[in-house]
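**Student:** Residue numbers for the sequence shown follow our numbering, beginning at 100 and rising by one.
C-beta atoms are modelled at their ideal positions from N, C-alpha and C, and glycine is treated no differently.
Here it is: the structure, laid out below.
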Amino acid sequence: MEIALKKISIISQCIAVFLALLFIFNQQALPALLVMIVPVFFWCFTAVLLEQL
Numbered sequence: 100m101e102i103a104l105k106k107i108s109i110i111s112q113c114i115a116v117f118l119a120l121l122f123i124f125n126q127q128a129l130p131a132l133l134v135m136i137v138p139v140f141f142w143c144f145t146a147v148l149l150e151q152l
């Protein structure tokens with residue numbers, strides 16, 4: 100149960116960071132933002148998957 104809560108916490112933190120950056124760069128260059136965000140999400144979900152192994 101604690102592991103599941105930890106995963107939810109990690110994912111929620113990733114989403115919070117994404118929303119914060121999206122808000123900050125909302126009127127900036129969106130493609131540049133996506134280039135920054137995609138690796139972050141890849142790292143977050145990779146970390147979550149590695150915890151399942």
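Please go through the same chain and pick out, in chain order, the residues whose beta-carbon is closer than 8 Å to the beta-carbon of valine 116, but skip the five residues on each side of it.
**Tutor:** The answer, listed in chain order, is Val139.
**Student:** So, helix, strand or coil for phenylalanine 140, using DSSP?
**Tutor:** Residue state, collapsed to three classes: helix.
**Student:** To which residues of the same chain is valine 147 closer than 7 Å at the C-beta, ignoring the five residues directly before and after it?
**Tutor:** The answer, listed in chain order, is Lys106, Ile109, Ile110.
**Student:** So, helix, strand or coil for phenylalanine 124, using DSSP?
**Tutor:** Of the three classes helix, strand and coil, the one that applies to phenylalanine 124 here is coil, per DSSP.
**Student:** Can you tell which of Ala103, Leu149, Met135, Thr145 has the C-alpha that lies nearest to the C-alpha of leucine 118?
**Tutor:** Nearest option by C-alpha distance: Met135.
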